[in-house]
Each structure stands twice: as structure tokens, then as C-alpha cells.
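Inspection log for the structure reproduced underneath, given as C-alpha cells.
In the working numbering, the protein residues as written are -13 to 90.
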């Protein structure tokens, strides 16, 4: 197992069901490795699911795709965060710097 301070994980959620799994996975991982750097990257239909269904324990870990958010015609809410670039680019860049990728 990686040292807690070096564990970096992306949980990719493109659907509402995937978002539910990612939230569970994130909570489980943070419980076992509290110092893990975990990001749930939501795109496509998962963006609306994240906006509609608050989860106080994991919402601060959720990053929304700006393209999917714009297509939805909606605005983000706190504590959800919006990526600076499309989800696909963020995922590729994070993987190239050592982040583990998990498709939820």
C-alpha cells in the first residue's frame, strides 16, 4: 500500500449510479487512509446527480466537469468544485502525474 501522504486517487463518475459508487468508495478510502488525496470527477449525467443529491460527507471531494455543467444550464453549489478544464483532460493530466484512476 502507498504511504498515506502519497496516495492520490481519481474516482471517475460519468453517471448517477457511478457517482453513488464513487461517494461510497471515497468515504471508505478516507476512513482507511485519512490523508489520501481523493477527487471524485463527475461528468455527463453525474453532474446533475451531484447538484440534486447533496452528500455532506463527500461533496467537498466532488469536482464537476465545466462542459457538462454548462450543457446542463445550471450553476454549481458549495462545496462542489468546478474543474478548470474538461474532465477528460483533467483525468489524463492527473494520471500523467501519478494519480491512480478508478472508474466508479
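Beta carbons are placed, not taken as given, at the ideal position from N, Cα and C, and that holds for glycine.
Less than 9 Å separating the beta-carbons of residue i and residue j?
| i | j | result |
| --- | --- | --- |
| residue 63 | residue 37 | yes |
| residue 31 | residue 49 | no |
| residue 9 | residue 44 | yes |
| residue 82 | residue 34 | no |
| residue 93 | residue 26 | Absent from the model: residue 93. The displayed extent of the chain is -13 to 90, so no value can be given. |
Start and end of the beta strand (DSSP E) containing residue i?
| i | result |
| --- | --- |
| residue 23 | 23 to 28 |
Could you check what DSSP says for residue i in three-state terms: helix, strand or coil?
| i | result |
| --- | --- |
| residue 74 | helix |
| residue -3 | strand |
| residue 50 | strand |
| residue 57 | helix |
Return the CA-CA distance between residue i and residue j, expressed in angstroms with no decimal places.
| i | j | result |
| --- | --- | --- |
| residue 16 | residue 24 | 8 Å |
| residue 60 | residue 13 | 26 Å |
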